[in-house]
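Asker:
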Amino acid sequence: MSERSDNSGMKHSSLMVAGLFVMVAMLLVREFAPDGPAAIIALVVGIIALAIIVPAFIIALFRSRSGS
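For the sequence shown, position 42 (counting from the first letter as 1) is numbered 36 according to our numbering, and the numbering increases by one without interruption.
1) Whole angstroms are fine: how far does the CA of residue 31 sit from the CA of residue 18?
2) Assuming residue 23 contacts residue 36 (C-beta within less than 8 Å), just tell me the rounded distance between them.
3) Taking the straight line between their C-alpha atoms, what separation do you get for residue 45 and residue 25?
4) So, residue 56 versus residue 9, is the Cβ gap smaller than 8 Å?
5) By the DSSP assignment, the alpha helix (DSSP H) with residue 40 in it spans what residues?
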């Protein structure tokens, strides 16, 4: 029988790390630059990044549970 490699654990951990970096960056920008366009831009970029990371994590989670 042939063995197939499963990298779902790596996908989950890299997505979690990316999400944590985005959230920490958003908090730091809001703390140290509470006013101005830099904070607004960072907030928008962070929300867009989370909108990409969260669905990717959910898809990876369902794929790992289904076994494919």
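The beta-carbon is built from N, C-alpha and C at its ideal position, and this holds for glycine as well.
Answerer: If we stick to the structure as given:
1) For the pair residue 18 and residue 31, the Cα-to-Cα distance works out to about 19 Å.
2) Right, their Cβ atoms sit about 4 Å apart.
3) The straight-line gap separating the alpha-carbon atoms of residue 45 and residue 25 is approximately 22 Å.
4) Residue 9 sits away from residue 56, with the two beta carbons spaced by 8 Å or more.
5) Note, residue 40: alpha helix (DSSP H), 31 to 60.
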